[in-house]
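In the numbering used here, the protein residues as written are -3 to 112.
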């Protein structure tokens, strides 16, 4: 399973980051895509999902602050994160599937740290 997230980093509260996830064409073209995150001491949780047709869904905790999008020409899904909070600190992963991960293999995540 080829899923590689990138774009994380250290940002101050209130700041923004844009994450990217490149997937193999076979996975991307046939599936909805989703972002998930794993914070220290917590279970992995759903963040945002986007269908092949562009329908989106968000976790309540990020609604209004995060935006998921997909570029079908580049087989890439994005997560624009604005007004970041310390509670957003986590390793972010992408996977196929709208609100539930399709694959048990998670690929490379990207660390987002929100701290002053």
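Even glycine gets a Cβ: it sits at the ideal position worked out from N, Cα and C.
Check                                                                                                                         : Outcome
Since residue 157 sits in a beta bridge, which residues does DSSP pair it with?                                               : Past the boundaries of the shown model lies residue 157; the chain is included only from -3 to 112, so the question cannot be answered.
Would you say the segment 89 to 97 touches the segment 35 to 47, given that touching needs at least three Cβ pairs under 8 Å? : yes
So, does the segment 12 to 25 touch the segment 69 to 76, judging by three or more C-beta pairs under 8 Å?                    : yes
Would you mind sorting residue 26 into buried or exposed? The rule is 16 or more other CB atoms within 10 Å of its CB.        : exposed
What three-state label does DSSP hand residue 24 in the structure shown?                                                      : helix
Taking 8 Å as the CB-CB cut-off, is residue 49 touching chain C?                                                              : No chain C appears in this structure, which consists of one protein chain only.
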